[in-house]
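J.: Same order as they appear, the protein sequences are chains P and E. For what it's worth, the numbering used here labels the leading residue of the first sequence as 378, then goes sequentially. For what it's worth, the numbering used here labels the leading residue of the second sequence as 378, then goes sequentially. Yeah, the Cβ is synthetic: ideal placement off N, Cα and C, and Gly gets one too. Note that the coordinates shown come from a computational prediction; the quantities given were computed from them, not determined experimentally.
Protein chains: 2
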Amino acid sequence: MTERLIVVGGVAAGMSAASKAKRANPNLDVVVYEKSLFISYGACGMPYLIAGDVADYRDLLARTPEQMAKRGVKVHVRHEVMAIDAGARTVTVRDLAQGRTFTQAYDKLVVATGAAPIRPPVPGVDLEGVCVLRSLEDGRALLRLIEERRPQRAVIVGGGYIGLEMAETFRRLGMATTMMIRSGQVMRQTLDDDVRVVVEDELARCDVTVVQGTLTGFEGDGWVEAALTDEGRYPCDVALLGIGVRPVVELARQVGVRLGKTGAIATDHHMRTNLPGVYAAGDCAEVHHLLTGEPAYIPLGSTANKQGRTAGAHAAGDDASFAGVVGTLIVRVFDLAVASTGLTSAAARSRGYAVAETNIQAQDVSHYFPGAADIHVKLIVDEDTERLLGGQIVGRPSAIKRIDVLATALHHGLTVSDLQRLDLSYAPPFAPVWDPLLVAANVAGR
Amino acid sequence: MTERLIVVGGVAAGMSAASKAKRANPNLDVVVYEKSLFISYGACGMPYLIAGDVADYRDLLARTPEQMAKRGVKVHVRHEVMAIDAGARTVTVRDLAQGRTFTQAYDKLVVATGAAPIRPPVPGVDLEGVCVLRSLEDGRALLRLIEERRPQRAVIVGGGYIGLEMAETFRRLGMATTMMIRSGQVMRQTLDDDVRVVVEDELARCDVTVVQGTLTGFEGDGWVEAALTDEGRYPCDVALLGIGVRPVVELARQVGVRLGKTGAIATDHHMRTNLPGVYAAGDCAEVHHLLTGEPAYIPLGSTANKQGRTAGAHAAGDDASFAGVVGTLIVRVFDLAVASTGLTSAAARSRGYAVAETNIQAQDVSHYFPGAADIHVKLIVDEDTERLLGGQIVGRPSAIKRIDVLATALHHGLTVSDLQRLDLSYAPPFAPVWDPLLVAANVAGR
Chain P
378 MTERLIVVGG
388 VAAGMSAASK
398 AKRANPNLDV
408 VVYEKSLFIS
418 YGACGMPYLI
428 AGDVADYRDL
438 LARTPEQMAK
448 RGVKVHVRHE
458 VMAIDAGART
468 VTVRDLAQGR
478 TFTQAYDKLV
488 VATGAAPIRP
498 PVPGVDLEGV
508 CVLRSLEDGR
518 ALLRLIEERR
528 PQRAVIVGGG
538 YIGLEMAETF
548 RRLGMATTMM
558 IRSGQVMRQT
568 LDDDVRVVVE
578 DELARCDVTV
588 VQGTLTGFEG
598 DGWVEAALTD
608 EGRYPCDVAL
618 LGIGVRPVVE
628 LARQVGVRLG
638 KTGAIATDHH
648 MRTNLPGVYA
658 AGDCAEVHHL
668 LTGEPAYIPL
678 GSTANKQGRT
688 AGAHAAGDDA
698 SFAGVVGTLI
708 VRVFDLAVAS
718 TGLTSAAARS
728 RGYAVAETNI
738 QAQDVSHYFP
748 GAADIHVKLI
758 VDEDTERLLG
768 GQIVGRPSAI
778 KRIDVLATAL
788 HHGLTVSDLQ
798 RLDLSYAPPF
808 APVWDPLLVA
818 ANVAGR
Chain E
378 MTERLIVVGG
388 VAAGMSAASK
398 AKRANPNLDV
408 VVYEKSLFIS
418 YGACGMPYLI
428 AGDVADYRDL
438 LARTPEQMAK
448 RGVKVHVRHE
458 VMAIDAGART
468 VTVRDLAQGR
478 TFTQAYDKLV
488 VATGAAPIRP
498 PVPGVDLEGV
508 CVLRSLEDGR
518 ALLRLIEERR
528 PQRAVIVGGG
538 YIGLEMAETF
548 RRLGMATTMM
558 IRSGQVMRQT
568 LDDDVRVVVE
578 DELARCDVTV
588 VQGTLTGFEG
598 DGWVEAALTD
608 EGRYPCDVAL
618 LGIGVRPVVE
628 LARQVGVRLG
638 KTGAIATDHH
648 MRTNLPGVYA
658 AGDCAEVHHL
668 LTGEPAYIPL
678 GSTANKQGRT
688 AGAHAAGDDA
698 SFAGVVGTLI
708 VRVFDLAVAS
718 TGLTSAAARS
728 RGYAVAETNI
738 QAQDVSHYFP
748 GAADIHVKLI
758 VDEDTERLLG
768 GQIVGRPSAI
778 KRIDVLATAL
788 HHGLTVSDLQ
798 RLDLSYAPPF
808 APVWDPLLVA
818 ANVAGR
């Protein structure tokens, strides 16, 4: 008998799992059920679709069901998995187009049900013009709204990376743009205050207003007219909710899949849940944080793909595992790029570390090279062991990939002196003779 | 009595040594003797000075003697150290401007005499128009030559990074440009054939002619008219010798400083030579290669600065050391950037490794993001241990700093599976959801 792997969800984690499983074991019957019309789309590209950088939403599609079929993976879109029977190892599937329901047996199951945007239960949240940006449908709807209604004023609720990307998009579309943030601080979880000010300066330069306040509701007659906080009223023609996502775990929870403290699905390093033969991967699952040693909920496409690949490989019989993440995040904010990895100094202190902080400003290429620009590098170091705990960089987009050196350093427990010794690449168009990372390490090492 | 540190040579290594020593021990009397008129200049910027990217040669100067004086470092330009007396711990110095010679005592001495361009002893090598590009004087002379003579045809002898940078410069100045290389291959020491072809395509696209042949001489009547090889005659109005440099070690050798097999000065990890109190740093010194475990001669500004800093710190009483390099090199070639680190596959094989090679081509940002461009990543892996031995990248300048992740991996012995797990930064403007480094690692891991 041919073994069957069923994958629930056909975006990042689900498609990675399916592709990898089929490659690892071509005899495996690999079936994917995806509730929406689309698989394998680049959801992270939607701010750039709406800004007009990406011409057509179809450009975001990486693969079609037909392409997957050629690889031997059976993809069914508009098919929703309604229930799992873990004892019988079957799923109940609803064909949304045909309106019929059927049962399908599995040997292995990968749950990749993703995440859903948080919609706070405040008055007016269901008004027209109050949007989220998660699925491709969300993106297309917002694009249509902008084309048809030509909004002039946008309010963004939340100061995370989606909020920042959309602030850029809204400004580029000519809208007056206000970010409404409970703490008043962008990227509160991922940046220290001394790095955040650089980002805030860029937002101010680009006429994005940042206001502090807790969302209390929206006003409007059918269409949103203002967002309200305990502090004020912010007129708007469109409002974007960017206050985070929650893992979609109902299907898994119903059948007894264990959730972690974060509310997302708990897995081991092979991405196995507590139920035999059942894996979870992507934005519905927790991820092991290598610096805290604890499970975390950090839904990102890059992690989803690694988790999916691991789940697929292991389900197909390979001894694959995924160690975890160090919390790397990167975002473009107008002409700046902002990146963070590891622990912020606040997070490190709250975990009991004696923290030494170094924050340097340098030029990102040789000082005489045309276009040399400032780059800010912050290192967060454990005073007791000299080990790097975290890093934050703000600079030009072309300079920002340096964060990956710090991420690599975190994976392998490098100390400040290890960093000082790195033979990093040098030529005038690419770096000063002392790379800014080395400058920061040298200062930290004093 | 105040201790005195004398530094011979005031460019990269020398000025790093002097600055660091003074910072580490403000009571130290730090004196620098520099033969030329200039200290602390960015010699690597000269191709961009000549191309016109850098407006004035003075822009290349990082620090003046006056600025150093404010830091408490005494710098004497146009002062040549003629001899060292290691027993008496004195140096004999000639003041080139005043024409007088004097003796100065030292407690510690840093030899940072740099390197000199190789001028092959062929007929015609002293013709006008046959140039080198090493000192700031060389750069200014070439600049003047181009302004005054308006050469139309350039021949570059050699296929290393100086040759490549100057090929770009000459083409941008409108000259017909020929690279004359003994092997016929650019970057022969640092690139594998399958990566080199990408660079050669770019040279061809930009109308740089690459010819194979051993230089036999130059023809001309006062001014160079052609470069000659065993294979042909190449008419030119200017010829640049880019066949490498040799360490300037005469001063040190005379007093009994030991040279290594490479011909450069041998040092320990503190940059001490065999003579008590005498250090060497920069392009006159060897460097420990972390992958071969042997001394190497790889003169680069980034290494010179690290060595100088180490020598200065140790001479001032700190327990500083410099572990060595992994052989990282980066160069811009027109619209491409080319980078290499570690061993090439040929070098690895010649050292007895069973080598597995992976060479992938991917896009450097999300496929739908405007301007997404090809990037080539090659990994050279030890089949027995799965450890990375080397990496080569060719792509857009904005994508090339990824080489530093591979350099960091080489410093710490990372394996292919270590690379696969790295939590590298992802957002559409900066990387695809699988960073090209992860794609390469995934392919290598199959």
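What would DSSP say about A398 (chain E), mapped onto helix, strand or coil?
T.: For the purposes of this step, residue 398 (chain E) is taken as the residue at position 21 of the second sequence. Reduced to three states, the DSSP call for A398 (chain E) is helix.
J.: For I707 (chain E) and chain P, any beta-carbon pair shorter than 8 Å?
T.: The sequence position of residue 707 (chain E) within the second sequence is 330, counting from 1. Yes, I707 (chain E) counts as interfacial toward chain P.
J.: By Cβ distance below 7 Å, which residues in the same chain neighbour R565 (chain P) in space, the five residues on each side in sequence not counted?
T.: Counting from 1 along the first sequence, the entry for residue 565 (chain P) is found at position 188. The answer, listed in chain order, is G536.
J.: Contact criterion: CB-CB distance below 8 Å. Does D781 (chain P) meet it with respect to chain E?
T.: As a first step, residue 781 (chain P) must be located in the first sequence, where it is residue number 404. Output row for D781 (chain P): interface = yes.
J.: If you measure from the beta carbon of I416 (chain E) to each beta carbon in chain P, is any gap under 8 Å?
T.: As a working mapping, residue 416 (chain E) is identified with position 39 in the second sequence. No, its Cβ sits nowhere closer than 8 Å to a Cβ of chain P.
J.: In whole angstroms, what is the alpha-carbon distance linking V388 (chain E) and Q444 (chain P)?
T.: Taking the second sequence and counting its residues from 1, one reaches residue 388 (chain E) at position 11. Taking the first sequence and counting its residues from 1, one reaches residue 444 (chain P) at position 67. For V388 (chain E) and Q444 (chain P), the distance between alpha carbons rounds to 59 Å.
J.: State the DSSP-derived secondary structure class of L504 (chain P), mapped to helix, strand or coil.
T.: Residue 504 (chain P) sits at position 127 when you count from the first residue of the first sequence. Coil at L504 (chain P), not helix or strand.
J.: Using the beta-carbon count (16 or more within 10 Å), is T379 (chain P) buried or exposed?
T.: To locate residue 379 (chain P), count along the first sequence from 1; it is residue 2. T379 (chain P) comes out exposed.
J.: What is the DSSP secondary structure of I620 (chain P), reduced to helix, strand or coil?
T.: Position 243 of the first sequence, counting from 1, holds the residue named residue 620 (chain P). In this structure, I620 (chain P) counts as coil in the three-state DSSP scheme.
J.: Tell me, please, whether the CB atom of C421 (chain P) is closer than 8 Å to any CB atom in chain E?
T.: For the purposes of this step, residue 421 (chain P) is taken as residue 44 along the first sequence, with counting starting at 1. It does; some Cβ of chain E falls within 8 Å.
J.: Apart from the five residues just before and just after R318 (chain P), which ones in its own chain have a Cβ nearer than 8 Å to its Cβ?
T.: The structure shown does not extend to residue 318 (chain P), since chain P is modelled only from 378 through 823, so no value can be given for it.
J.: Are the segment 411-424 of chain P and the segment 433-452 of chain P touching by the rule of at least three beta carbon pairs closer than 8 Å?
T.: The segment 411-424 of chain P, when compared against the segment 433-452 of chain P, does touch it at the 8 Å Cβ threshold.
J.: Please tell me whether T644 (chain P) and A657 (chain P) are closer than 8 Å, where the distance is taken between their beta carbons.
T.: As a position in the first sequence, residue 644 (chain P) is number 267, starting the count at 1. As a position in the first sequence, residue 657 (chain P) is number 280, starting the count at 1. For T644 (chain P) and A657 (chain P), yes; Cβs fall inside 8 Å.
J.: I'd like to know if R798 (chain E) contacts chain P, where contact means its C-beta is closer than 8 Å to some C-beta of that chain.
T.: Reading the second sequence from its first residue, position 421 is the one you call residue 798 (chain E). Answer yes: the Cβ-Cβ gap between R798 (chain E) and chain P drops below 8 Å somewhere.
J.: Using 8 Å as the limit for Cβ to Cβ distance, is V793 (chain E) near chain P?
T.: Mapped onto the second sequence, residue 793 (chain E) falls at position 416. Not an interface residue.
J.: Where do the N-terminal and C-terminal ends of the alpha helix (DSSP H) with N819 (chain E) fall, by residue?
T.: For the purposes of this step, residue 819 (chain E) is identified with residue 442 of the second sequence, where counting begins at 1. Note, N819 (chain E): alpha helix (DSSP H), 813-821.
J.: Leaving out the 5 sequence neighbours to the left and right, which residues in its chain are closer than 6 Å to S743 (chain P) when beta-carbon positions are compared?
T.: Here the question's residue 743 (chain P) lines up with position 366 in the first sequence. P805, P809.
J.: Find the residues of chain E that neighbour D430 (chain P), judging by a C-beta separation of less than 8 Å, and give them in chain order.
T.: The residue given as residue 430 (chain P) occupies position 53 in the first sequence. Those within 8 Å of D430 (chain P) in chain E are F746, P747.
J.: Please report the distance separating the alpha-carbon of G685 (chain P) from that of Q562 (chain P).
T.: Residue 685 (chain P) sits at position 308 when you count from the first residue of the first sequence. Residue 562 (chain P) sits at position 185 when you count from the first residue of the first sequence. The alpha-carbon atoms of G685 (chain P) and Q562 (chain P) are separated by roughly 33 Å.
J.: Is L787 (chain P) near L765 (chain P), with beta carbons less than 8 Å apart?
T.: Taking the first residue of the first sequence as 1, we reach residue 787 (chain P) at position 410. Taking the first residue of the first sequence as 1, we reach residue 765 (chain P) at position 388. Closer than 8 Å, so yes.
J.: For the alpha helix (DSSP H) holding A724 (chain P), just list the boundary residues, first then last.
T.: Working through the first sequence from its first residue, we reach residue 724 (chain P) at position 347. A724 (chain P) -> alpha helix (DSSP H) spans 722-727.
J.: Comparing alpha-carbon positions, which option in P:I620, P:A463, P:V407, P:D569 lies nearest V507 (chain P)?
T.: To locate residue 507 (chain P), count along the first sequence from 1; it is residue 130. Of the candidates P:I620, P:A463, P:V407, P:D569, the one whose C-alpha sits nearest the C-alpha of V507 (chain P) is P:I620.
J.: Is any beta-carbon of chain A found at less than 8 Å from that of S396 (chain P)?
T.: The displayed structure is made up of protein chains P and E, and chain A is not among them.
J.: Is H691 (chain E) helix, strand or coil by DSSP?
T.: Within the second sequence, the letter at position 314 stands for residue 691 (chain E). Helix at H691 (chain E).
J.: Buried or exposed: F699 (chain P), going by 16 or more other Cβ atoms within 10 Å of its Cβ?
T.: Here the question's residue 699 (chain P) lines up with position 322 in the first sequence. So F699 (chain P) counts as buried.
J.: For L513 (chain P), tell me which candidate among P:V407, P:T593, P:G422 has the shortest Cα-Cα distance.
T.: Taking the first residue of the first sequence as 1, we reach residue 513 (chain P) at position 136. Nearest of P:V407, P:T593, P:G422 to L513 (chain P), Cα basis: P:G422.
J.: Flag N402 (chain P) as yes when its Cβ comes closer than 7 Å to any non-hydrogen atom of the ligand COA, and as no otherwise.
T.: Here there are no bound small molecules, and the ligand COA is not part of this structure.
J.: Please report the distance separating the alpha-carbon of G590 (chain P) from that of G449 (chain P).
T.: Locating residue 590 (chain P) in the first sequence gives position 213, counting from the first residue. Locating residue 449 (chain P) in the first sequence gives position 72, counting from the first residue. Taking the straight line joining both Cα atoms gives about 52 Å.
J.: Return the bridge partner residues of I523 (chain E) from the DSSP annotation.
T.: Along the second sequence, one-based indexing puts residue 523 (chain E) at 146. I523 (chain E) is not bridged to any residue.
J.: List, in order along the chain, the chain P residues whose C-beta lies closer than 9 Å to that of P774 (chain E)?
T.: Taking the second sequence and counting its residues from 1, the one referred to as residue 774 (chain E) is at position 397. Ordered by position in chain P, the residues that pass the 9 Å Cβ test against P774 (chain E) are S775, P806, F807.
J.: With a cut-off of 8 Å, does the C-beta of A714 (chain E) fall near any C-beta of chain P?
T.: Looking up residue 714 (chain E) in the second sequence gives position 337. Cβ-Cβ to chain P under 8 Å: yes for A714 (chain E).
J.: When you check each C-beta in the segment 432-456 of chain P against every C-beta of chain E, which residues fall closer than 8 Å?
T.: Under the 8 Å Cβ criterion, the segment 432-456 of chain P contributes D436, L437, A439.
J.: So the candidates are E:T606, E:L550, E:E602; which of them puts its Cα closest to the Cα of D584 (chain E)?
T.: One-based indexing of the second sequence puts residue 584 (chain E) at position 207. Nearest option by C-alpha distance: E:L550.
J.: Quick one: Cα of V710 (chain E) to Cα of V771 (chain E), how far?
T.: One-based indexing of the second sequence puts residue 710 (chain E) at position 333. One-based indexing of the second sequence puts residue 771 (chain E) at position 394. Going from the Cα of V710 (chain E) to the Cα of V771 (chain E) covers about 10 Å.
J.: Taking 8 Å as the threshold (C-beta atoms), are V409 (chain P) and V384 (chain P) in contact?
T.: As a position in the first sequence, residue 384 (chain P) is number 7, starting the count at 1. As a position in the first sequence, residue 409 (chain P) is number 32, starting the count at 1. Yes, the Cβ-Cβ distance between V384 (chain P) and V409 (chain P) is below 8 Å.
J.: If you follow the beta strand (DSSP E) that S717 (chain P) is part of, which residue opens it and which one closes it?
T.: What you label residue 717 (chain P) is simply residue 340 of the first sequence in a count that begins at 1. Counting along the chain, the beta strand (DSSP E) containing S717 (chain P) begins and ends at 713-719.
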